[in-house]
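Residue numbers (this note's numbering): 16 to 474. Cβ coordinates follow ideal geometry from the N, Cα and C atoms, glycine included. Predicted, not measured: the structure shown is a model, and the values here were computed from it.
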């Protein structure tokens, strides 16, 4: 027997539940399939839990700086890791149960808890039942990438998911991977009190950013006591009685980095390898990401892929935007496309990095005549008042069209202030509009017009 629905949604991440809400409100019957936790990566192992722990680490760091603000705190500032984990767990569970309850209360939504696999282009099997639908939406997310590095099978290691389950403080955490996930955990656990070493294969951190941004972030983290091993080409592992050893082939320094625990932060991979996509005729690329067009249709026009599994965005906000694109095109008579999206994201170290549009490197390679303006955070009144003056602002524009091309705001509230740039980019407004704005004082954003006014041509 085949259970027939108007639509099937596989995966309850950031795009899936909202899409179910729109489809059922439009009168469609929907099967919602989730094999593990409702809410996806963001709620369970990503944004929600990690930023909750970042907040605990930030509070500890600022308490240690009490004397800088004119007061004292008696005794050592030490973490209660069980309490920190309990606080994190509550935030996660509240959000997860909220999503699950919302779906359970929807009319015309039937929830299936289990693993979905395609049996044909219009049919999916779950828990021994066969479901069919005119349209199918895949929102299965991704997971930590664990490459087959030498010795990896001989040690115990943590990923961004499993590290969320520990309730103790590693004595020495060695993090393999010097990009966004790795650096957030590095600062967090250093502020909790662990010794932290970051091992990165490349010559600098977060290689997709400009060198000046990478260098500034490295300096900020080194000042907090985090050690780095860059140019670590031949990374391998071996067990030790008291933990693990990461072997590196660096141009300087010891070849061995011993630690008590290892966190692998070497990118992500899509959860597409066990869906039976071949039986549905859904094409993937060499890395397993589902190939989609500008409106998120797969090689089967009635099957859509949303969120991390399509390789078109690696963030909660891009996954939600995928939902908005599909809903607009299918339900609202509105044409929305992935290519309309402007790149925007943040690195949640302290101070945060807010990013919009192109980097300076990308702008230079584009062949445009560009203008660049910079301002150190030491020149930002709000940052001085808060005692948080590390970092700098950089804004890039096209000299001929006056189009804002991008920004890197590394500093206090950089993750919030960058939205002023994103707003102008979406509005397709020339930089002169922002230059003539009168922002509120004292804020970090008030410096954006000043930085733009100081932009100069570069060769």
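Discussion item. So, for residue 296: in the same chain, excluding its five sequence neighbours on each side, which residues have a beta-carbon less than 6 Å away from its beta-carbon?
Written reply: 136, 315
Item to complete: Just grab the DSSP bridge partners of residue 445 for me.
Response: 418
Practice prompt. Could you tell me whether the Cβ atoms of residue 277 and residue 195 are closer together than 8 Å?
Written response: no
Practice prompt. Can you give me the Cβ contacts of residue 150 inside the same chain, cut-off strictly under 6 Å, excluding the 5 residues immediately before and after it?
Written response: 22, 317
Discussion item. As a quick exercise: from 381, 433, 416, pick the residue whose alpha carbon is nearest that of residue 424.
Written reply: 433
Item to complete: With distances taken Cα to Cα, identify the nearest neighbour of residue 107 among 345, 58, 98.
Response: 58
Worksheet item: Along the chain, where does the alpha helix (DSSP H) that runs through residue 59 open and close?
Response: 55 to 59
Fill in: residue 250 versus residue 175: straight-line alpha-carbon distance, rounded
19 Å
Worksheet item: What residues in its chain sit with their C-beta under 6 Å from that of residue 439, if we drop five residues either side in the sequence?
Response: 419, 449
Practice prompt. Please state whether DSSP places residue 394 in a helix, a strand or coil.
Written response: helix
Worksheet item: Can at least three beta-carbon pairs, one atom from the segment 123 to 141 and one from the segment 287 to 306, be found at a separation below 8 Å?
Response: yes
Discussion item. Residue 17 and residue 145 - do their beta-carbons sit closer together than 8 Å?
Written reply: yes
Worksheet item: So what's residue 207 in DSSP terms, helix, strand or just coil?
Response: helix
Worksheet item: Out of 414, 387, 421, which has the shortest C-alpha to C-alpha gap to residue 357?
Response: 421
Discussion item. Would the segment 332 to 339 count as touching the segment 23 to 33 if we require 3 or more Cβ pairs under 8 Å?
Written reply: yes
Worksheet entry | residue 227, DSSP secondary structure in three states | helix
Discussion item. Tell me the DSSP secondary structure of residue 66 in three-state form.
Written reply: helix
Worksheet item: For the alpha helix (DSSP H) that contains residue 95, what are its first and last residues?
Response: First-last for residue 95: undefined, no H or E at that position.
Worksheet item: Taking just the CA atoms, how far does residue 159 sit from residue 285?
Response: 9 Å
Worksheet item: What does residue 410 pair with, by DSSP beta-bridge criteria?
Response: 388, 422
Worksheet entry | Selection from 54, 74, 161, 119 that minimises the alpha carbon distance to residue 109 | 54
Discussion item. Using CA atoms only, rank isn't needed, just tell me which of 81, 98, 167, 96 is closest to residue 90.
Written reply: 81
Fill in: beta strand (DSSP E) segments (min. 3 residues) lying fully within the segment 105 to 142
124 to 128, 132 to 135, 138 to 141
Worksheet item: Whose CA, out of 202, 379, 263, lies closest to the CA of residue 74?
Response: 202
Discussion item. Tell me the residue span of the beta strand (DSSP E) that contains residue 144.
Written reply: 144 to 153
Item to complete: Please confirm whether residue 275 and residue 187 have their CB atoms less than 8 Å apart.
Response: yes
Practice prompt. Could you check the C-alpha separation between residue 204 and residue 38 for me, to the nearest Å?
Written response: 42 Å
Practice prompt. Give a yes or no on contact between the segment 252 to 271 and the segment 223 to 235, applying the rule of three or more CB pairs nearer than 8 Å.
Written response: no
Worksheet entry | Residue range of the unbroken alpha helix (DSSP H) whose run includes residue 40 | 31 to 40
Practice prompt. Could you tell me the boundaries of the beta strand (DSSP E) in which residue 175 lies?
Written response: Premise fails: residue 175 is in no beta strand (DSSP E) and is neither H nor E.
Practice prompt. Provide the residue(s) that pair with residue 327 in DSSP beta bridges, ordered along the chain.
Written response: Per DSSP, none; premise fails for residue 327.
Worksheet entry | Alpha carbon of residue 453 to alpha carbon of residue 462, nearest angstrom | 10 Å
Worksheet item: When the Cα of residue 98 is compared with those of 120, 68, 77, 118, which residue comes out closest?
Response: 68
Discussion item. Assuming residue 464 is part of the alpha helix (DSSP H), what are its boundary residues?
Written reply: 463 to 468
Practice prompt. Would you list the residues sitting across from residue 254 in a DSSP beta bridge?
Written response: 259
Worksheet entry | Same chain only: Cβ atoms within 7 Å of residue 240, ignoring 5 sequence neighbours per side | 205
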